[in-house]
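Working notes, structure below.
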Amino acid sequence: MRFTDFNFVDALLEGIAASNYQTPTPVQEQVIPPILSGRDVIASAQTGTGKTAAFLLPVMNQLLLHPVTDSVGTLILVPTRELAIQIAQHVEGLSYFTHLSSIAIYGGSDAQNFVAEKKALQLGADIVVCTPGRLIAHLNMGYVNFKQLKFLILDEADRMLDMGFQDDINKILAHLPANRQSLLFSATMPEKICALARKILKNPAEINIAISKPPEKIIQKAYVVHEPQKMPLISYLLKQTPYKNAVLFCSRKQTVKELTRSLKRTGFTVEEIHSDLEQTVRENTLSAFASGRVPLLVATDIISRGIDIDTIDLVVNWDVPDDGEDYVHRIGRTARAEADGTAYTLVSKADQRKFGAIEALLEKQVEKAPVPAELGPTPAYEPNKRQAGGGRFKRGGSSRGGRPGHGHRGGNAHRDPSNRK
Ligand code: AMP
Numbered sequence: 001m002r003f004t005d006f007n008f009v010d011a012l013l014e015g016i017a018a019s020n021y022q023t024p025t026p027v028q029e030q031v032i033p034p035i036l037s038g039r040d041v042i043a044s045a046q047t048g049t050g051k052t053a054a055f056l057l058p059v060m061n062q063l064l065l066h067p068v069t070d071s072v073g074t075l076i077l078v079p080t081r082e083l084a085i086q087i088a089q090h091v092e093g094l095s096y097f098t099h100l101s102s103i104a105i106y107g108g109s110d111a112q113n114f115v116a117e118k119k120a121l122q123l124g125a126d127i128v129v130c131t132p133g134r135l136i137a138h139l140n141m142g143y144v145n146f147k148q149l150k151f152l153i154l155d156e157a158d159r160m161l162d163m164g165f166q167d168d169i170n171k172i173l174a175h176l177p178a179n180r181q182s183l184l185f186s187a188t189m190p191e192k193i194c195a196l197a198r199k200i201l202k203n204p205a206e207i208n209i210a211i212s213k214p215p216e217k218i219i220q221k222a223y224v225v226h227e228p229q230k231m232p233l234i235s236y237l238l239k240q241t242p243y244k245n246a247v248l249f250c251s252r253k254q255t256v257k258e259l260t261r262s263l264k265r266t267g268f269t270v271e272e273i274h275s276d277l278e279q280t281v282r283e284n285t286l287s288a289f290a291s292g293r294v295p296l297l298v299a300t301d302i303i304s305r306g307i308d309i310d311t312i313d314l315v316v317n318w319d320v321p322d323d324g325e326d327y328v329h330r331i332g333r334t335a336r337a338e339a340d341g342t343a344y345t346l347v348s349k350a351d352q353r354k355f356g357a358i359e360a361l362l363e364k365q366v367e368k369a370p371v372p373a374e375l376g377p378t379p380a381y382e383p384n385k386r387q388a389g390g391g392r393f394k395r396g397g398s399s400r401g402g403r404p405g406h407g408h409r410g411g412n413a414h415r416d417p418s419n420r421k
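Residue numbers (the numbering used here): 1 to 421.
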């Protein structure tokens with residue numbers, strides 16, 4: 001399936017192309033058509049499946065075809081300010097070539113923001129992404145204009161209920177016009193979510209996306225570290241773990257280049273693969289790898305879905321991928337066929353939240369392995385705590401690509417790597 005199959009307006013297709021989305025994800029394939037046809041939807045889909053664009057794209061398309069004036073057009077309720085900001089960034093990217101207006105409204109922001117929020121809620125905005133408490137504060141002042149609201153979306157609804165937002169949601173519902181399309185997304189579907197769905201949704205299309213899980217036989221371990229500890233830890237792990245073929249994944253090609261250089265300096269026989277290299281160079285590298293001449297490969301996600309080399313028995317994630325699916329695909333490079341496999345993931349402070357989301361997706365806690373004492377003290381694993389430069393952001397965050405070989409040479413393990421830009 002292709003995005004053009006949905007008959008989206010051209011400006012939206014341009015935004016999709018600019019966001020580098022090639023094809024719809026499974027959740028998008030299933031969720032977009034019923035939304036476009038006007039149905040309510042309840043979908044169980046976790047972060048990492050492309051669920052945000054799955055609801056944004058059809059909603060934006062309908063707002064472009066049938067503009068709303070002088071009122072909020074779409075209300076997206078979310079549990080946290082991080083998610084509000086992240087969704088607003090998605091909206092910005094996908095709506096770049098359109099005239100759609102949007103705003104993220106969340107608690108804890110300053111008085112100046114309050115004025116802008118009031119203006120959007122009073123005079124109208126196409127898409128408002130909001131945490132419940134902050135919206136209640138505005139509703140209490142009487143100026144919020146939901147008269148022509150077309151869409152209500154509850155994202156991460158299970159988390160909103162877990163955080164005690166049920167009453168706030170009820171209050172908000174009382175202010176919304178009945179004649180609207182409602183969409184509910186939740187990672188899990190406990191009874192309280194079903195009860196909420198019965199209250200909010202009319203004859204909804206039910207969509208259940210089962211995330212692919214990695215084979216059980218892969219031994220997964222995570223190392224919770226400070227960024228500068230990664231390089232010495234990788235060296236240690238590669239020396240300690242017997243392997244035939246190992247792949248080291250990095251999210252960015254710059255990191256691939258730097259890590260390869262550092263490993264070569266340390267004496268490893270290693271090559272790199274990323275999109276800056278010509279196809280023939282990549283193929284030669286892959287065949288050298290498959291034949292065992294080069295046992296170690298550093299790569300971007302360019303090969304996380306493609307290669308099928310039976311002898312890969314170790315995968316190391318230098319960083320945590322943005323997508324749960326990418327994690328599954330990365331570690332799925334090992335333990336192919338009858339072989340066993342091990343997958344290590346280095347989790348820096350800035351990546352903890354992302355890794356927590358992946359664990360939620362897998363419905364499994366990955367074992368946190370001890371880091372050798374000589375590398376110094378390591379951070380606590382607190383994936384639910386907000387970190388500076390937090391891990392959920394795709395743009396502008398510092399979470400990706402700590403610089404290999406520029407870090408710890410002993411002695412500075414206390415430094416907070418999330419401050420390193
Ligand atoms: P989400 O599950 O909404 O948090 O999305 C996970 C990540 O997938 C985000 O970084 C999106 O930008 C990205 N994404 C969403 N849809 C697509 C797609 N069709 N192709 C590639 N990436 C996508």
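Note that beta-carbon positions come from the ideal geometry of N, C-alpha and C, so glycine has one too.
Quick one: grab the DSSP three-state call for residue i.
| i | result |
| --- | --- |
| Glu14 | helix |
| Cys194 | helix |
| Asn113 | helix |
| Phe8 | coil |
| Ala431 | Outside the shown range of the chain (1 to 421) lies residue 431, about which nothing can therefore be said. |
| Ile169 | helix |
| Gly390 | Residue placement at Gly390 cannot be trusted, given a pLDDT of 36 that sits under 50; the coordinates are not used to answer. |
| Gly324 | helix |
| Gly133 | helix |
| Ala288 | helix |
| Leu100 | coil |
| Lys368 | strand |
| Gly396 | Residue placement at Gly396 is poorly supported in this model, since its pLDDT is 28, which falls under 50; the coordinates are not used for a value here. |
| Val72 | coil |
| Ile127 | strand |
| Ala373 | helix |
How would you write the range of the beta strand (DSSP E) that residue i sits in, first residue to last?
| i | result |
| --- | --- |
| Tyr223 | 218-224 |
| Ala299 | 296-299 |
| Asp313 | 312-317 |
| Ile85 | Counting along the chain, Ile85 falls outside any beta strand (DSSP E), though it belongs to the alpha helix (DSSP H) covering 81-94. |
| Ile273 | 270-273 |
| Ser44 | 41-44 |
| Phe151 | 151-154 |
| Val247 | 245-249 |
| Glu206 | 205-208 |
Mind checking which residues open and close the alpha helix (DSSP H) that includes residue i?
| i | result |
| --- | --- |
| Tyr236 | 230-240 |
| Phe355 | 352-362 |
| Phe55 | 51-65 |
| Glu382 | Glu382 -> no alpha helix (DSSP H), and no H or E assigned at all. |
| Glu258 | 253-266 |
Spatial neighbours of residue i within its chain, please: CB distance less than 6 Å, with the 5 preceding and 5 following residues excluded, ordered by chain position.
| i | result |
| --- | --- |
| Leu296 | Ala246, Phe268, Val270 |
| Glu206 | Ile42 |
| Arg392 | Interpretation of Arg392 is limited by its pLDDT of 30, a score under 50 that renders its predicted location unreliable; no figure is taken from the coordinates. |
Whose C-beta lies closer than 8 Å to the C-beta of residue i among residues of the same chain, with five residues either side of it excluded?
| i | result |
| --- | --- |
| Thr69 | Gly124, Gln148 |
| Lys394 | Interpretation of Lys394 is limited by its pLDDT of 30, a score under 50 that renders its predicted location unreliable; the figure taken from the coordinates is listed afterwards. Same-chain partners within the cutoff: Gln86, Gln89, Asp322. |
| Ser102 | Ala88, Val91, Glu92, Ser95, Ala125, Asp126, Ile127, Val128, Val129 |
| Ala116 | Ile103 |
| Thr188 | Ser44, Asp158 |
Less than 8 Å between the CB atoms is what I'm expecting for residue i and residue j, so what's the real figure, rounded?
| i | j | result |
| --- | --- | --- |
| Pro132 | Ile169 | 6 Å |
| Phe6 | Leu36 | 7 Å |
| Arg180 | Phe151 | 6 Å |
| Asp155 | Ile193 | About 12 Å; that fails the 8 Å criterion. |
| Thr49 | Ile273 | Going by Cβ atoms, the distance from Thr49 to Ile273 rounds to 26 Å, so no, they are not a contact pair. |
| Ser262 | Met231 | 6 Å |
| Thr342 | Asp310 | About 15 Å separates the two Cβ atoms, so there is no contact after all. |
Beta carbon of residue i, beta carbon of residue j: below 8 Å?
| i | j | result |
| --- | --- | --- |
| Val72 | Leu121 | yes |
| Ser19 | Leu94 | yes |
| Val298 | Tyr344 | no |
| Val224 | Val347 | yes |
| Pro204 | Asp10 | no |
| Lys349 | His226 | yes |
| Phe146 | Pro190 | no |
| Thr334 | Ile234 | no |
| Phe249 | Ser304 | yes |
| Ile331 | Gln220 | yes |
| Met1 | Pro79 | no |
| Gln22 | Ala54 | no |
| Phe97 | Gly38 | no |
| Ile153 | Thr280 | no |
| Tyr243 | Pro372 | no |
From the beta carbon of residue i, is the nearest beta carbon of chain D less than 8 Å away?
| i | result |
| --- | --- |
| Asp326 | Absent here is chain D; the protein component of the structure consists of one chain. |
Between which residues of its own chain and residue i is the CB-CB distance below 7 Å, once the five residues before and five after are set aside?
| i | result |
| --- | --- |
| Asp326 | Asp301, Ser304 |
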